[in-house]
Amino acid sequence: MIKIRDKESCITAIKSIGKDLIDRAEDICNDLTRVSSITIQADIKPLEIVNYDITKNYSPKFEDSTD
């Protein structure tokens, strides 16, 4: 866990998020069936623990109607 105190800790936080995303890329990309987008949001705030969120957005499967 990283707390932002100054420029150097901010740089470390950004690099840590990037490295973690690279390390988790294969897991994040598992099961992409009908995924329309992947959103990655990082929160870097002074004196708070750095975190990020990954959201997969799915498109519904449409069935062809032959009635």
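In terms of my numbering, the sequence shown is residues 1010 to 1076.
Beta carbons: idealized from backbone N, C-alpha and C, even for Gly.
Could you spell out where the alpha helix (DSSP H) holding residue i opens and where it closes?
i: THR1021; result: 1016 to 1037
Would you identify the three-state DSSP class for residue i, choosing helix, strand or coil?
i: LYS1070; result: coil
i: LYS1054; result: coil
i: ILE1011; result: coil
i: ASP1040; result: coil
Are the beta-carbon atoms belonging to residue i and residue j less than 7 angstroms from one another?
i: ILE1011; j: VAL1059; result: yes
i: THR1064; j: THR1048; result: yes
How many angstroms separate the CA atom of residue i from the CA atom of residue j?
i: ASP1015; j: GLU1072; result: 54 angstroms
i: ILE1031; j: TYR1067; result: 22 angstroms
i: ASP1029; j: CYS1038; result: 14 angstroms
i: SER1018; j: LEU1056; result: 10 angstroms
i: PRO1069; j: LYS1024; result: 35 angstroms
Quick one: what's got a C-beta closer than 8 angstroms to residue i's C-beta in the same chain, skipping five residues either side?
i: ALA1022; result: ILE1011, ILE1013, ILE1053 and VAL1059
Leaving out the 5 sequence neighbours to the left and right, which residues in its chain are closer than 6 angstroms to residue i when beta-carbon positions are compared?
i: SER1046; result: ASN1066
i: ALA1051; result: ILE1026 and TYR1061
Distance cutoff 7 angstroms, beta carbons only. Does residue i sit that close to anything in chain C?
i: ASP1073; result: Considering every chain present, this structure includes no chain C. It has just one protein chain.
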